[in-house]
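Chains as they are written, first to last, in our numbering: chain U, 87 to 196; chain X, 6 to 121.
If you want it as structure tokens, here you go:
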């Protein structure tokens, strides 16, 4: 799978929106962009995924650049429970595996 | 929603003993499950892919004789760490896929193994 680059850490204030960036300049046409998060001492949790168009669900929004070389996970109103490590993962169509990178550790400031 | 249950959540064992970790899909059938390992302050590393009714596929560098995986039913996969040593102390996490091959994975809450 192609590689992704994320900032090691970010901070955000509670109740404000959070924009988590991910660069994936070597993405291929069949790579889906997946986001998972891992709360402390828990297994990862699926957040959202997309291919070309922006996606919204109850947890977050995913904004994908037109050239698909970057994407942004948007948490519309951060809460303390959103403090976690967020992983941006490329997964090509037909690949059942997920390969995790180092992710972004998000800290929410009360 | 899809729930994956792991048991036990924590286990402490003596060096040289074996430990079995169970991973169950509670409300769906999973033909494929995955086992990951995570050392402190590191990311998850895929150890093996477990397929129901067939042998597991191990990632490069993972000893298949040390980490025995059995996927005897569509809702249960087990990982047995044989002859555990302190360096095997880690956070072991299983996951399962609900639906087609491109579906998101659902993860268990992990098992913290400490080998003394």
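Just so you know, even glycine gets a beta-carbon here, dropped at the ideal spot from N, CA and C.
Query raised in the report: Taking one C-beta from the segment 68-81 of chain X and one from the segment 95-103 of chain U each time, how about it: are there three or more such pairs within less than 8 Å?
Result: No: the two stretches stay apart, fewer than three of their Cβ pairs being nearer than 8 Å.
Task: residue 49(X) beta carbon less than 8 Å from that of residue 179(U) - done: Against the first chain, residue 179(U) aligns to sequence position 93. Against the second chain, residue 49(X) aligns to sequence position 44. Cβ atoms of residue 179(U) and residue 49(X): not closer than 8 Å.
TODO: Would you mind stating whether residue 80(X) and residue 30(X) have Cβ atoms separated by less than 8 Å?
DONE: Position 75 of the second chain, counted from the first residue, corresponds to residue 80(X). Position 25 of the second chain, counted from the first residue, corresponds to residue 30(X). Taking 8 Å as the Cβ cut-off, residue 80(X) and residue 30(X) qualify as a contacting pair.
What are the start and end residues of the beta strand (DSSP E) that includes residue 107(U)?
-> Within the first chain, numbered from 1, the residue matching residue 107(U) stands at position 21. According to the DSSP assignment, residue 107(U) belongs to the beta strand (DSSP E) that extends over 104-109.
*Amino acids of chain U, ordered along the chain, whose beta-carbon sits closer than 9 Å to that of residue 112(X)*: Working through the second chain from its first residue, we reach residue 112(X) at position 107. Correct list: 122, 124, 128, 129, 130, 131 and 132.
**Q.** Local Cβ density within 10 Å of residue 112(X), reported as buried at 16 or more and exposed below that
**A.** What you label residue 112(X) is simply residue 107 of the second chain in a count that begins at 1. Buried, since its Cβ has 16 or more Cβ neighbours within 10 Å.
Looking at residue 158(U): is its Cβ nearer than 8 Å to the Cβ of residue 146(U)? Locating residue 158(U) in the first chain gives position 72, where the first residue counts as 1. Locating residue 146(U) in the first chain gives position 60, where the first residue counts as 1. No, the Cβ-Cβ distance between residue 158(U) and residue 146(U) is not below 8 Å.
Practice task
Would you please verify whether the beta carbon of residue 73(X) is less than 8 Å from any beta carbon of chain U?
Solution key: By 1-based counting over the second chain, the position of residue 73(X) is 68. No, because no Cβ of chain U sits closer than 8 Å to the Cβ of residue 73(X).
### Message
Quick check on residue 110(U): buried or exposed, where buried means 16 or more other Cβ atoms within 10 Å of its Cβ?
### Response
Along the first chain, one-based indexing puts residue 110(U) at 24. Buried.
| message | On the criterion of 16 or more Cβ atoms from any shown chain inside 10 Å, does residue 101(X) qualify as buried, or is it exposed? | response | In the second chain, residue 101(X) corresponds to position 96, counting from 1. Looking at its Cβ environment, which holds 16 or more other Cβ atoms inside 10 Å, residue 101(X) is buried.
*CB residue 85(X) to CB residue 20(X), shorter than 8 Å?*
As a working note, residue 85(X) is residue 80 in the second chain. As a working note, residue 20(X) is residue 15 in the second chain. Going by C-beta atoms, residue 85(X) is not nearer than 8 Å to residue 20(X).
Residue 104(U) classed as buried or exposed, judged by whether at least 16 other C-beta atoms fall within 10 angstroms = By 1-based counting over the first chain, the position of residue 104(U) is 18. Its Cβ being crowded by 16 or more others within 10 Å, residue 104(U) is buried.
Can you list the residues of chain U that residue 102(X) reaches, using a CB-CB cut of under 7 Å? Within the second chain, the letter at position 97 stands for residue 102(X). Those within 7 Å of residue 102(X) in chain U are 182.
Next on the checklist: Does any residue of chain X have a CB that is nearer than 8 Å to the CB of residue 189(U)?
Outcome noted: Translated into the one-based positions of the first chain, residue 189(U) becomes position 103. The beta carbon of residue 189(U) sits closer than 8 Å to some beta carbon of chain X.
(message) Cutting at 8 Å between CB atoms, please list the residues of its own chain near residue 42(X), excluding the five before and the five after it.
(response) The residue you call residue 42(X) lines up with position 37 of the second chain. These residues qualify, in order along the chain: 49, 50, 52, 95, 96, 97 and 98.
**Prompt:** So, does the CB of residue 62(U) fall closer than 8 Å to a CB anywhere in chain X?
**Reply:** No answer is possible for residue 62(U): the residues shown for chain U start at 87 and end at 196.
Contact residues within the segment 107-119 of chain U, judged by C-beta distance below 8 Å to chain B:
The structure shown contains no chain B; the protein chains it does contain are U and X.
- Is the CB of residue 44(X) under 8 Å away from at least one CB in chain U? Translated into the one-based positions of the second chain, residue 44(X) becomes position 39. Answer no: the Cβ-Cβ gap between residue 44(X) and chain U never drops below 8 Å.
Original post:
For residue 177(U), is the classification buried or exposed, using 16 other Cβ atoms within 10 angstroms of its Cβ as the cut-off for buried?
Top reply: Within the first chain, residue 177(U) is the residue found at index 91, counting from 1. Buried: at least 16 other Cβ atoms inside 10 Å.
| request: May I have the straight-line CA-CA distance separating residue 72(X) from residue 34(X), to the nearest angstrom? | output: Here residue 72(X) refers to the residue found at position 67 of the second chain. Here residue 34(X) refers to the residue found at position 29 of the second chain. In a straight line, the C-alpha of residue 72(X) is about 23 Å away from that of residue 34(X).
Q: Could you work out which residue in 124(U), 117(U), 193(U) and 194(U) is closest to residue 153(U) when comparing CA atoms only?
A: Position 67 of the first chain, counting from 1, holds the residue named residue 153(U). Of the candidates 124(U), 117(U), 193(U) and 194(U), 117(U) places its Cα closest to the Cα of residue 153(U).
- Answer with buried or exposed for residue 168(U), where buried requires no fewer than 16 other C-beta atoms within 10 angstroms of its C-beta. Taking the first residue of the first chain as position 1, residue 168(U) is located at position 82. With 16 or more Cβ atoms within 10 Å of its Cβ, residue 168(U) is classed as buried.
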